[in-house]
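Going line by line, the protein sequences match chains U and F.
Each residue of the first sequence is one higher than the one before, counting from 276 in the numbering used here.
Each residue of the second sequence is one higher than the one before, counting from 1052 in the numbering used here.
Even for Gly, the Cβ is constructed at its ideal location relative to N, Cα and C.
Since the structure comes first, as structure tokens, the remarks are kept for the end.
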Amino acid sequence: MKLKNIYKICTAALALQMGFAGSLMAQEVEEVKVQPNSQAAYLSEELTGKVVSKRTGAPLEGIGISYKDISATFSNSEGEFKLTVPSYSTTITVSFGDNVVKEIPVKGRNSLEIVLSDFELAEAGKVSVQLPYDERLSHQVTGAVSTVDLTDAWKGKANSPETAFQGEAAGVNMIRRSGTLGIGANTFIRGLGSLNADTKPLVVVDGMIYDMNEYEGSVINGFTSNPLSFIDVKDIDKVTFMKDGGSIYGTKGANGVILITTSRARDLTTKIDFYTYGGVNIQPKNLPVMQADEFKPYFSEMLRSSGLTTNEVLSHRYLNEVPDTLGYYNYHNNTNWQDQVMRTSYDQNYFVKVSGGDNIASYALSIGHLKSRSVIEGEGFSRSNVRFNADFQVTEKFTAGTNMAFSYAVTDLYQYGSEVNSISPLYLGLAKSPFLAPNIFSEEGIVSPNLSDSDSLGISNPRSIIENMQAQNRRFRFFGSFNAKYQFNDHFSLQSLFGLTVDQNRESFFVPDLGVEEENGTNTIIKNKIGGQVQRLFSTYSDTRFDYTNTFGYAHNFDLGLGFRFNKNTLEEDRGYSFNSGTDDFITLGAGVVSLNEAYGNNGEWIWMSYYADASYNYLNKYFVDFNVAVDGSSRFGSEAEEGISLFNHKFGVFPSISGAWLISSEDFMANNPLDLLKLRLSYSQTGNDGIGNYNQYQLYNGSNVMAVQGLVRANIANDQIQWETNSKVNAGIDIATANSTLGFSIDVYQNNISNMITYQPLNTVVGLDYYLANGGEMSNKGVDLGVYAKVLDREVKLDLGLQIGTYTNEVKKLPYDQRITPVAGGEVITTTGESAAMFYGYETDGVYSTSEAAASDGLRTPTENGTLIPFQAGDMKFVDQNNDNIIDEDDKTIIGNPNPDFYGGFTAHASYKRFTFDAAFSFSYGNDVYNYVRQQMEGMSGYENQFLSVRNRWRAEGQDTDMPRLAYGDPAGNSRFSDRWVEDGSYLRLKTINISYDIPVNGSIVKNVNVYAAGQNLLTITNYLGYDPEFSYTSSVFGQGVDVGLTPQFASVLLGLKIGL
Amino acid sequence: MLFIGLSACSDQWEEHNGAAQDLNNNLVQLIRSDADLSTFADLLEESGLDKQLASGSYTVWAPTNAALEGLPATITGDQASLKLFVGNHIGYQENLSYQAADAPVRVKMINGKVSVLEENSITSVDESASFESADRLAKNGVLYKVDAYMLPKKNIWEIVKEESDNPVSQLILSMSVTDELTMETYNYFQYDVADLSNEDSTYTFIMLDEAAYGSFQTEMEPYFKDTLPDEMSIPLSLGLTKDLVFTTAYYDNVPDTILSVDSVKVAFNADNVVRQINASNGVVYVMNDFDYKLSDKIPEIKIEGEYYDAISGSSGPVNVRARSWASNKRDLLVYNHSTPSYHVTYDVPQAHSTKYQIYWVANNDDYWPRNNWQSIAIDSVSNLPYGNKMVEFNNLEEVFIGEHEVQNYGQLKLILKAESTSNNDWNTLVLDYLKLVPVFE
């Protein structure tokens, strides 16, 4: 930034940034004004050198060479330069245009040959890393941070930026929640951050905390409203993941920090970029379910298993084989129900970005509109967004800026998940009997436009859900800030930021009566159902900061910042449900039967304040030390919290961190070493997690409706000692890059210890409450992150590859109870000390009894629902009797799977040839176990639902050798109970994004550039997972990861796009 | 690029769904694939049953080519009988041999007949076939290979129709009435006695020859007197036929006494059997003698007091009481009615035309008013052949009232009459039950 004041170059760098390596054009150099600088006194040595291209060996002209902002020069037409420096032990900066290419340690030499590769020139400007209050060159960073290269991200889908981030940073495990549009991802940085508190990393957008809370969640099952979906990836300039050292954010930094910087005017010329794409979303491959000819015999066997005699089975109306009788044509179809709920759909996006300005004010304005659809018929996401970022140079010392963004999004949805199978179009698409049809037929076999009602087997009509069910989320967010900075002199400055978040999140849904199976409510039969919710958030944020920076001698560089932050939030949530409106035409909350109405709400506020200091020091750009401390208070902490310090009668947590780096490659003794970079890093930091709920220190009461009488009941036991969770992080890292950064890698080893973890302490029955919340657990995450990049080809064809891979081991160290078992979608996860949190906990199986003798000789029995013990028969699952008591019951459960991956990450390839560029990004997860709830439903063989084709292998005959048990109505032997049958390897490798683009040659007078591209998303997924898709995460809680409850799958999309620059 | 994306994911499913080849074939395909069953496969196609067999759940006992060699041309030549024949080898739903290990399983065949599956054989009435191979699973059922074919049998009803020379057959086939409202004609033997065409039940049916039937009819007629001299009455025709039907199929080793569908004991003497005809749902014996227990045939009649047919006054004073000592745990008490000669009527439509002794159980269990006298009138309230009788305290004995000869079948009304006084101290009625005991002379 400071270099900008010194010189300004009109450059063709744009072309280079696009990834082309055109020959370097002559640079027109404006008149350079060199400000007299008192520090110029240090300049005593003269450094000479030459800049050449690595590929051609030709001299490069117009490359900026500078020492800090004290002395600067350019290479001449011979590539030669002369620069005065204070010492031959310092470091000089090489720039191309406004952008830094690299820093070069002089290492005692008085003459240098600087060899620059095309890659280095093309990536000029990308070597700097955005840090919370600072931007630094990457080799000066002391902590474990990762940045994401978003150069090509604009070619992807605009729904939610997480897709662009996923797999691009080692140690950041982003699991996309589902294929629902804009739903985003659950992000776990370096393992599992907490059991019961927040696990989400802090998101900071343009220096202000971006509210990512879900609060009471959505009334629409299977949906999570995602604030990041308000940001178009084309608005994002930089993303930094801070994996350790989040202590600058005190009690908000425990789960890591995601810093997002939105784009601002890069230069003062007016630029207009217009982006558009049209996309096709491809219907996922149907799961293999039985067709009518196979389901019918299955169905009749199931009827017999339910206790009907052969004659009763034959007289079942669905098995009536006489044409022209009532219902015959309704029951003799072969409907592909998956095709009735899923289809190929289309997307459109328009986006305009205007930037420019003058030396007083510069601005970047963007406006976008997205209309996106999912592969589920009727699901859509439409968003309008506008962003205005401006910078003002009010006086020479006073600068100001604004960041303002407004987005409005409407998401049309359905409901998904294990609790709403009766209305989930995906589940119904699998389970609905194929011999039934969506519409009613007459006795003559003529199809009518009227939809069939739910069938006599108790399964809703999926088409009725598609056509008549409504579920919608309408949300807007204004997120804006104003900042001002006064620069007293070269050393001192004061800046302040004040921002507002105004967010309103409205939801409504309606479940019709027609075609939907009735539900048993507490006081009534529920025919239709209406729900609604409004969440209103008003949040203010301020951050005021004093900065001091100085260089002592030419060797000691020192920065100090002191600041104060304040965040106040007001939230109102209102939620209502009503039931049984007169007809399916009355779909508003007021239309239901009054006595059945349910209403909930909360209204409150919370405050966070933080004093912080950050200091950084380096010596000769070789030895770096950073020190941060934050002192945080929050309305969430109890007044009697054990830890922390007392200020103003409140408890404040103190979170220090220290990190250091040694840039060995800049040492003089490395002068003849070809390594571009060799750096060791070490950090220790303490951070806190304040995501513990807003009001746990207070006694709360809940409204309750008992027999239509309203009352208040105690909701918790107040804990005035409740406090933040503490997350102490140790990180050691090494960064290595060969000459010209042709090959580089970076390895980090870390251990995060979480203490004071919020736990649900069990209470005695007499208390009347099951738990109270207290800080009582400990957990650790250990792991290794590895990032590798290689510039494989640097000729006319350029190719570079990147790999990001992470691994972690989670271990629960201490709990106030032996174990906690959490039910998840018909299964269970166990949390116990010495193991990772939330391991799958169920029965182990060992095949199927093929003969009655085998079953009898094992002699195992299992309790039925009424407690009687029944023996296993031929065709039942053989469960492992862990405690050898010959009874298969609760005591035989064991750990049967680990939802945490062994490795996860991604790799990228980027290639260019002339005007073509090509990008591919893969993401992968290896060794994570998943619980396939959908398959449990679809292979359970206990009712009249359609099943996967695999049940044709079910045990039927004595002596039959198979791994699929017999069908049995109601599953008396519990063959489908939660066991390792349903726990699968969820490993996958996915071609997350791929695109190819072409820059159309234009004359440049009006239109500066035109780029056309084709892009694909999720086009290839390699997995052994037996479901639509192996990537899903229905909750941000650690309890429930790796559970496929049947959400919308990730689907493949193909886009054709166009970008025009004016 | 697109192609790769679309063709990518199916391997894991192929492996997961991979099944033995048989399980991918339906029964028709499976039968076709076995060269040794080619004759049966052809017959299946000719009969048109292959379409039905392609969907739904079935078990096929397919005779091998060798077994089908001697198949009579009468079967293959006729479409209807071929369908019946092939259908006799196809059962509904899956029936596996292990399911018959403990007890034989009755299997409904798609021609409507029922066969019996045992662990190692399948039996259609009197023909059995052994398994050359068993329990071969197909996509929609099970295939057995058997060493013999089994011809479908006629059911008893069809046999009755065929044996039209037989007097019993003639009687049964004549037992039809036409509903006056619907104008639907139906055979009331099938409704009231047994539907002998029902393939799911099993019966033994006795047909009598001319002489035996004649003497049986002569014996029965006095008990079924009616006012229609020329026609046979419905009660008589039912009385003549109902005890010829037995709900168990006694193909052989018939016990010497068997119980008819109406629980009348019938003597069975193998020497009297003229002819035995095996049917698909049982067996028909043509016999030259019929012996039965007359007291079963003309039984006692018990009429519960609480099941009255009419009352002479208001229902207010009529009480059906729960009494542990009473027959059917109920009795009838009518009191405080202030009506002289209050009476309660019981119709006895099942009374035979014979002499009955009449008994009652009427117990004064200390109700109040404490005394009552009551009487039984026959057919008319003024016909009081037996006079008043005091109802005694705590008497649970049957009290003999008198004898009465019923003139025509079903024409009997018993009337329980109170004293001809409005004095509630005396006009109470009470009755647990009435009993009519036939007098055989």
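Contact annotation: the region 1455 to 1463 of chain F does not touch the region 1369 to 1382 of chain F, with fewer than three C-beta pairs closer than 8 Å. For Thr1299 of chain F, the closest of F:Leu1291, F:Glu1250, F:Glu1097 by C-alpha to C-alpha distance is F:Glu1250. Boundaries of the beta strand (DSSP E) around Ile1427 of chain F: 1424 to 1429. Interface with chain F (8 Å Cβ-Cβ cutoff): Ser1272 of chain U is excluded. Taking the C-beta atoms as reference points, Val369 of chain U is found nearer than 8 Å to Ile338 of chain U.
Per the DSSP secondary-structure output, Asp907 of chain U pairs in a beta bridge with U:Ser885, U:Gly928. The residues Ala993, in chain order, have a CB closer than 8 Å to that of Tyr973 of chain U in the same chain once the five nearest residues on each side in sequence are set aside. Interface annotation, Asp1153 of chain F: not in contact with chain U, CB-CB separation never under 8 Å. Within 7 Å of the CB of Asp1260 of chain F, no CB atom of chain U is found; the nearest one sits about 36 Å away.
Judged by beta-carbon spacing, His1403 of chain F lies beyond the 8 Å limit of Ser1363 of chain F, meaning their Cβ atoms are not closer than that value.
Sorting F:Gln1401, F:Asp1483, F:Asn1434 by C-alpha distance to the C-alpha of Leu1383 of chain F places F:Asp1483 at the top. For Val1209 of chain U, the closest of U:Leu387, U:Ser699, U:Asp548, U:Ser350 by C-alpha to C-alpha distance is U:Ser699. Residue-level contact check: Ala1070 of chain F touches chain U, since one or more beta carbons of chain U fall below 8 Å from its beta carbon. Near chain U, meaning a CB-to-CB distance below 8 Å, the residues of the region 1117 to 1146 of chain F are Tyr1143, Gln1144, Glu1145. Listed along chain U, the residues sitting closer than 9 Å to Tyr1149 of chain F by beta-carbon distance are Thr1126, Ser1127, Ala1149, Ala1232, Glu1233, Gly1234. By the criterion of a C-beta distance shorter than 6 Å, Arg1374 of chain F is surrounded in its chain by Asp1382, once the five residues flanking it on both sides are discounted. Using a C-beta cut-off of 8 Å, the region 817 to 834 of chain U makes no contact with the region 415 to 422 of chain U, since fewer than three inter-stretch Cβ pairs fall below that distance. Within chain U, the residues whose beta carbon sits less than 7 Å from that of Lys1190 of chain F are Glu569, Arg1227, listed in sequence order. Taking a contact to require three or more Cβ pairs closer than 8 Å, the region 604 to 613 of chain U and the region 531 to 546 of chain U do not qualify as touching. Assignment of beta strand (DSSP E) within the region 647 to 719 of chain U, counting only whole runs of 3 or more residues, yields 655 to 668, 673 to 687, 714 to 716 in chain order.
Inclusion of Asp965 of chain U and Asn1015 of chain U in the CB contact set at 8 Å is not warranted, their separation being larger than that value. Interface criterion met: the Cβ of Asp1186 of chain F is under 8 Å from a Cβ in chain U.
By the C-beta criterion, the region 1288 to 1298 of chain U is judged not to be in contact with the region 1074 to 1082 of chain U, since fewer than 3 inter-stretch pairs fall below 8 Å.
The beta-carbon distance between Asp1260 of chain F and Val1317 of chain F, rounded to whole angstroms, is 16 Å. This is too long to meet the 8 Å contact definition. In the DSSP annotation of this structure, the continuous segment of the alpha helix (DSSP H) that includes Arg1083 of chain F starts and ends at 1078 to 1084. Judged by beta-carbon spacing, Ala888 of chain U lies beyond the 8 Å limit of Leu922 of chain U, meaning their Cβ atoms are not closer than that value.
At a cut-off of 8 Å, the C-beta of Val588 of chain U has a neighbouring C-beta in chain F. When C-beta distances to chain F are compared with 7 Å, the residues of the region 570 to 583 of chain U below that value are Lys571, Pro572, Ser575, Glu576, Arg579, in chain order. An exposed status is given to Met1234 of chain F, since fewer than 16 other beta-carbon atoms sit within 10 Å of its beta-carbon.
Taking a C-beta cut-off of 7 Å against chain F, the contacting residues of the region 543 to 570 of chain U are Lys560, Pro563, Asp568, Glu569, listed in chain order. With a cutoff of 8 Å on beta-carbon distance, Gly755 of chain U and Thr670 of chain U are scored as not near each other. Here Thr1255 of chain F is buried, its C-beta having at least 16 other C-beta atoms within 10 Å. The C-beta of His1403 of chain F comes no closer than 8 Å to any C-beta of chain U. Listed along chain F, no residue sits closer than 9 Å to Asn758 of chain U by beta-carbon distance, the nearest being about 45 Å off.
A direct Cα-to-Cα measurement between Tyr1116 of chain U and Leu562 of chain U gives close to 27 Å.
Note: Glu782 of chain U is bridge-paired with U:Asn748, U:Gln808 in the DSSP secondary-structure output.
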